[in-house]
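Undergrad: First the structure, then my questions, so here it is.
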Amino acid sequence: MSSVYEVINPATEKVVTAIELADEAATDAAIERAHKAFDTWRHVAPGDRAKMLRSFASVVSAHREELAALEIENSGHTRGNALWEAENVANVLNYYSAAPERLFGKQIPVPNGIDITFKEPLGVIGVIVPWNFPMPIAGWGFAPALAAGNTVVLKPAEYTPMTAIRLGELALEAGIPKDVFTVIPGKGSIVGARFVTHPKVRKIVFTGSTQVGKSIMAGCADQVKRVTLELGGKSANVIFADSDIEKAAANAPGAVFDNAGQDCCARSRILVEKSAFDKFMSAFEVAVKKFRVEDPSLATSDMGPMISAKQKAAVEKYLDEPVAFTGSAPSGPGFWLPPTVLLPTSTKSKSWNDEIFGPVVSVMTFDGEDDAIAKANETEFGLSGSIWTRDSGKAIRVSRAIESGNLSVNSNSSVRYWTPFGGYKQSGLGRELGPDALDSFTEVKNVFISTGK
Ligand code: NAD
C-alpha cells in the first residue's frame, strides 16, 4: 500500500502539496523497468547518448527559474543558492555529456595476441539523496551514471521530493527514453532499503548521514554491491595569524551558515591562532550580524529557515554551551534559528565533535602549525576545510597534513563539478564529480584475443 507525504514550506509551515510515496511493489516494478531499459540504453551510439544528455542539460537550464522556485518553496533555500543549484544540474549533465565518446579502454602489450580493456556500464544504479541539496546531489549521481550507459532509479529525501520529480519529467521532455531515469519518491526504510537488497540494482550512490551510510554499506556487502558514500562532516576553518584576518572573518559566516548550516561541507569548527583571536572575533561578529536571515525568496537573503521543526529542535540541544554572539532571525511561523557562535571550553565538548547540521559554529584557538593540524584532525570526519595564511609553504604543508578530501586555501569554496569531491575517514567512500567519477559507474573488462595459429 502506498502512502502520502505532505510537503511543508519550512519558511511558512504551510502545506505545499501531497506526494504519493512508493511502496515496495512499485519500487520493484520500477527497478524491473530500469533493468529492461538498460539493454537498450547501453547500446545507444555514444554520440547519440551524448546529444540526449546535452538536450537534458538545456531543458534543465531553460527551467532554471521554475526549479529554483520549487526548491525555495520545498526546502527554504535562498534564491541565489537555488538558482545556482538548478544550473549545477545542467552543468554536470553538460560536463558528462562529453563522456560517452571518451570512455576509453587500454591496449596492453602481450605476447601472441592483443589485450584490450573495455569500460562496461554496471546496470541499474540506485541513487539515494538527502534533503539538504536535493538538486546538485541528485545530478552528481545520475549524470555520470547515465553517461556511462547505466540506467538510474533515484529516491529523493522524504522532505524534499519536488525538484527531483520535476527533473524526472524534464528528462522525458528532453528525449531521455522512458525508464532510463526514474524518480521514485518514498521512505528510506522502504524504497531506499529495497535499492540495497534488490539484486538488479548493481550499485548504490548514497549521500546522507554517516549512521545510515554504514547500514547501507553493510547491506551492500551481502551482494558485493558497489557503493559510493558521501556522508557527514565536521570541517575546520583554520585561520593563521599571518593571514588576511579581515577577509577570513568576512567569509567565515558563509562558510558555515550557508543553507542554514545544513551543509556537509560546513566549516563548523573555526580554529584561530591564539595571537589573532581578538582581531578575528571582532571582525567575525560584524560579519555575523550582517548575515541576512530572511525570507529565502528575496534576492538579498543570505540564509533561510531550517528544513523542519525536528531538525531545528535537534540543533537547539547544542545551544547550552557558552555563546560568544548570535545573528538575527525572523520570528513567527517557519523553522528559524539565528546564526550562533559558540565558545566550547574543551575539545571534548559536544558542539566541537558532533555534526550539528544547523547554523551553529564553534570557535577555539590553537598554538602554532602542529597544534592546528592536530586539532583539525581530531575528528572521525574528513570532508572539507579551509586554511588561511599568507605563507604558501605553510599552506601546502597544512593542506597535505589535514585528513580531508576537499580543502581550500584562502577560500572556502569546496565544490566545482569538474574536480573530485568526497571524504576521508567516516565522511565517505569514493569520489564524485571530476574526470574520474565515471570509473565508479563502470567495470573494467579485460579481453585477450589470440593471434596465434
Ligand atoms: P539520512 O541519512 O537520514 O537520509 C539520506 C537519504 O537516505 C534519504 O533519502 C533517506 O530517505 C534515505 N534513507 C534513510 N534510511 C535509509 C535506509 N535504511 N536505507 C536506504 N535509504 C535510507 O540523511 P539526511 O538527514 O537526509 O541528510 C543529512 C546528512 O547527509 C548529514 O549527515 C550530511 O552531512 C549528509 N550529507 C553529506 C553530503 C556529502 O556529500 N558528504 C552531502 C549532503 C549531506
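Quick note, this note's numbering runs 74 ahead of the 1-based positions in the sequence shown.
Note that CB positions come from ideal geometry on N, CA and C, so glycine has one too.
#1: Let's see if you can read the secondary structure: which residues bound the alpha helix (DSSP H) around residue 491?
#2: Work out the CA separation of residue 120 and residue 221 for me, nearest whole Å.
#3: What whole-angstrom Cβ distance do residue 277 and residue 196 have, given they're in contact under 8 Å?
#4: Beta carbon of residue 207: closer than 7 Å to some heavy atom of the ligand NAD?
#5: What runs of the beta strand (DSSP E), each 3 residues or longer, lie entirely inside the segment 286-341?
#6: With a threshold of 16 other CB atoms inside 10 Å of the CB of residue 364, please say whether the residue is buried or exposed.
#7: Out of 90, 275 and 127, which has the shortest C-alpha to C-alpha gap to residue 536?
#8: Where residue 259 and residue 235 are concerned, what is the direct C-alpha to C-alpha distance, given to the nearest angstrom?
#9: State the Cα-Cα distance for the pair residue 482 and residue 410, rounded to the nearest angstrom.
#10: If you drop the 5 nearest sequence neighbours on each side, which residues of the same chain put their C-beta closer than 6 Å to that of residue 257?
#11: Does residue 506 pass the burial test, meaning 16 or more other C-beta atoms within 10 Å, or should it be called exposed?
#12: Looking at C-alpha atoms only, which residue of 320, 341 and 338 is the closest neighbour of residue 353?
#13: Within the present structure, is the beta-carbon of residue 430 separated from the nearest heavy atom of the ligand NAD by less than 7 Å?
#14: Going along the chain, which unbroken runs of the alpha helix (DSSP H) with 4 or more residues stay wholly within the segment 218-275?
#15: Does the pairing of the segment 207-225 with the segment 169-178 give three or more beta-carbon distances under 8 Å?
#16: Is the CB-CB distance between residue 486 and residue 325 below 8 Å?
#17: Do you know offhand how far residue 403's Cα is from residue 331's?
#18: Which same chain residues, not among the five before or five after residue 359, have their C-beta less than 6 Å away from its C-beta?
#19: Along the chain, where does the beta strand (DSSP E) that runs through residue 92 open and close?
#20: Going by DSSP, what residue range makes up the alpha helix (DSSP H) through residue 170?
#21: With H, G and I counted as helix, E and B as strand and the rest as coil, what does DSSP make of residue 373?
#22: Return the CA-CA distance between residue 457 and residue 429, expressed in angstroms with no decimal places.
#23: Whose C-beta lies closer than 8 Å to the C-beta of residue 420 among residues of the same chain, with five residues either side of it excluded?
#24: Residue ranges of each alpha helix (DSSP H) run of no fewer than 4 residues wholly in the segment 448-485, ordered along the chain?
#25: Can you look up residue 83 in the DSSP assignment and give me helix, strand or coil?
#26: Have a look at residue 232 and residue 79 and give me their C-alpha separation to the nearest angstrom.
#27: Closest to residue 206 by C-alpha separation, out of 387, 412, 370 and 336, would be which residue?
#28: Please name the residue, chosen from 124, 376 and 164, that lies closest to residue 141 on a Cα-to-Cα basis.
#29: Just to check my reading of the structure: residue 202 and residue 269 have Cβ atoms closer than 8 Å, yes? What is that Cβ distance to the nearest angstrom?
#30: Do residue 396 and residue 150 have their beta-carbon atoms positioned less than 8 Å apart in this structure?
#31: By the 10 Å Cβ neighbour count, where 16 or more other Cβ atoms means buried, how is residue 271 classified, buried or exposed?
#32: Taking all protein chains shown into account, do 16 or more other C-beta atoms lie within 10 angstroms of the C-beta of residue 588, making it buried, or fewer, making it exposed?
#33: Does the ligand GDP have a heavy atom nearer than 7 Å to the CB of residue 282?
#34: Counting C-beta neighbours from all protein chains within 10 Å, is the total for residue 137 16 or more, i.e. buried, or is it exposed?
#35: Which residues does DSSP list as the beta-bridge partners of residue 519?
#36: If you follow the alpha helix (DSSP H) that residue 62 is part of, which residue opens it and which one closes it?
TA: The structure says:
#1: From DSSP, residue 491 is part of no alpha helix (DSSP H); its letter is neither H nor E.
#2: As the crow flies, the alpha-carbon of residue 221 is around 9 Å from that of residue 120.
#3: Yes, they are in contact, since the Cβ atoms of residue 277 and residue 196 sit about 5 Å apart, within 8 Å.
#4: Yes; taking the cut-off as 7 Å, the Cβ of residue 207 has a heavy atom of the ligand NAD nearer than that.
#5: DSSP assignment within the segment 286-341 yields the following whole beta strand (DSSP E) runs of 3 residues or more, N-terminal first: 300-304 and 310-313.
#6: The residue in question, residue 364, is exposed, as its Cβ has fewer than 16 Cβ neighbours within 10 Å.
#7: Nothing about residue 536 can be read from this structure; the chain reaches only from 75 to 527.
#8: If you take the alpha carbons of residue 259 and residue 235, they lie about 6 Å apart.
#9: In a straight line, the C-alpha of residue 482 is about 29 Å away from that of residue 410.
#10: Taken in chain order, the residues that qualify are 228, 238, 239 and 242.
#11: Its Cβ being crowded by 16 or more others within 10 Å, residue 506 is buried.
#12: Relative to the Cα of residue 353, the nearest Cα in the group 320, 341 and 338 belongs to 320.
#13: Of the heavy atoms belonging to the ligand NAD, none sits nearer than 7 Å to the Cβ of residue 430.
#14: Counting only runs of 4 or more, we get 236-247 and 267-271.
#15: With the cut-off at 8 Å, the segment 207-225 and the segment 169-178 touch.
#16: For the pair residue 486 and residue 325, the CB atoms are nearer than the 8 Å cut-off.
#17: C-alpha separation (whole angstroms): 12 Å.
#18: Cβ neighbours of residue 359 beyond the five flanking positions: 399.
#19: Looking at the DSSP string, the run of the beta strand (DSSP E) that includes residue 92 is 89-95.
#20: Residue 170: member of the alpha helix (DSSP H) spanning 153-170, first to last residue.
#21: Of the three classes helix, strand and coil, the one that applies to residue 373 here is coil, per DSSP.
#22: Cα to Cα, the separation comes out at about 12 Å.
#23: Only residues of its own chain outside the window of five on either side were considered, and among them 426 have a CB closer than 8 Å to the CB of residue 420, listed in chain order.
#24: Runs of the alpha helix (DSSP H) inside the segment 448-485: 466-475.
#25: DSSP places residue 83 in coil when its eight states are reduced to three.
#26: Taking the straight line joining both Cα atoms gives about 8 Å.
#27: Of the candidates 387, 412, 370 and 336, the one whose C-alpha sits nearest the C-alpha of residue 206 is 336.
#28: Ranking the options by Cα distance to residue 141, first place goes to 164.
#29: Yes, residue 202 and residue 269 are in contact; Cβ-Cβ is about 6 Å, under 8 Å.
#30: Contact flag unset, no.
#31: Classification for residue 271: exposed.
#32: No answer is possible for residue 588: the residues shown for the chain start at 75 and end at 527.
#33: For the ligand GDP, the structure offers nothing, since it holds only the ligand NAD.
#34: Its Cβ being crowded by 16 or more others within 10 Å, residue 137 is buried.
#35: Beta-bridge annotation (DSSP): residue 519 is paired with 192.
#36: Any property of residue 62 remains undetermined from this structure, which presents the chain solely from 75 to 527.
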